[in-house]
Amino acid sequence: MTRKNTPPAGGTLKTLERVFSKAGVGSRTDARSWIGAGRVRINGKIVQNPDHWVNLERDRITLDGKPLGFATKTYLLLYKPKGYLTTWRDPEGRPTVYDLVPAGTWLSPVGRLDLDTSGLLLMTNDTAFAERIANPDHKVPKTYELKAATLLSDEQIEQLRRGVELSDGPTRPAEVRRLRDGARRTHLEIIVAEGRNRQVRRMIEAVGSRVMKLVRTAIGPVRIGDLPIGQWRELTALEIAALGGAGRAPTSSTSAGRRKRSP
Ligand code: URA
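Residues in the sequence shown are numbered consecutively from 26, following the working numbering.
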């Protein structure tokens, strides 16, 4: 039998485990472990139920005795290198994007990039912003450059533009531009607004070729520009606004850097 957890009336309510991710302090998994370990108090009392309802206006929450402050909204643009996962930890110990961004504020990737894909990855603690960009209904265009394993004909490119049949349904029309042809391989720019799993790779396979290299160069109007691979920078206030975010204007938009996460 499932336990009923009805929220009390009034105020802004969140379950205890969600308060931590909203505050930008940690993931819901982190929160569950802190709560389970008895490190979290509400109004002075230890609460070990992660589904406990919290009134954000009234309740005082502490972790190890320290009050939970709500983190300023933060928006980073990382140039993800190939070979890095977009997850927090990997059981096989492979590098993750968290090895490249500053530690301290809990940031989640906006959507995913495959292990073998490089390029623009946004990371933020603004969950509404992240959901908006990743949600295909909002049709935020994502631009990729790719190298195909073969030369692609005009007809193959036209098929990609019209939409191709994938195992999870047809793709919507895409913008596709031939960048150049080498002796044996075509380089394309492709703009899609869906973000399905391995979508671009599967689209190229659907027209009988294969992706050899895939780089995301832009999300909406935000471009990766000349940011070096493996580096990050804050989005500018204009970029945040253009993508529909509501965060503060960063104090500096040139604070690119590379920092190891704390253990
Ligand atoms: N499409 C893919 O196939 N892979 C990505 O990482 C992103 C888009």
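Cβ coordinates follow ideal geometry from the N, Cα and C atoms, glycine included.
Contact test: residue i Cβ vs the ligand URA heavy atom, cutoff 8 Å
i    : result
L138 : yes
K167 : yes
L239 : yes
Q181 : no
A108 : Contrary to the premise, residue 108 reads as Gly rather than Ala in this sequence. No, Cβ of G108 sits at least 8 Å from all heavy atoms of the ligand URA.
R57  : no
G220 : yes
T242 : no
T142 : yes
V236 : yes
V225 : yes
Residue i, buried or exposed, once every other Cβ within 10 Å from all chains shown has been counted against 16
i    : result
K91  : exposed
A128 : exposed
R258 : buried
S287 : Note that S287 scores 38 on pLDDT, short of 50, meaning its location in the model is unreliable; the coordinates nonetheless yield the value given after this. So S287 ends up on the exposed side.
P195 : exposed
T37  : exposed
G61  : exposed
N68  : exposed
S234 : buried
K164 : exposed
K39  : buried
K98  : buried
T54  : exposed
K105 : buried
N150 : buried
E117 : exposed
Whole-angstrom C-beta distance between residue j and residue i, which should lie under 8 Å
i    : j    : result
M228 : L185 : 6 Å
G108 : V240 : About 13 Å; that fails the 8 Å criterion.
A48  : L101 : Actually they do not touch by this definition, with Cβ atoms about 18 Å apart.
L268 : G245 : 5 Å
A199 : I215 : 6 Å
L41  : V72  : 6 Å
R210 : K167 : Contact flag wrong, Cβ pair sits at about 22 Å.
G270 : F154 : 4 Å
A231 : L191 : 6 Å
In DSSP terms, what residue i is bridged to
i    : result
P127 : None, per the DSSP bridge assignment.
A173 : V236
K80  : Correcting the residue type first, residue 80 is Asn in the shown sequence and not Lys. Answer is L38.
I244 : K167, V247
G144 : K105, R241
I86  : I67
P161 : DSSP output for P161 lists no bridge partner at all.
S133 : T149
P92  : T87
T121 : L110
- Message: Going residue by residue through the segment 175-240, where are the continuous alpha helix (DSSP H) segments of at least 4 residues, counting only ones entirely within it?
- Response: 179-187, 224-231
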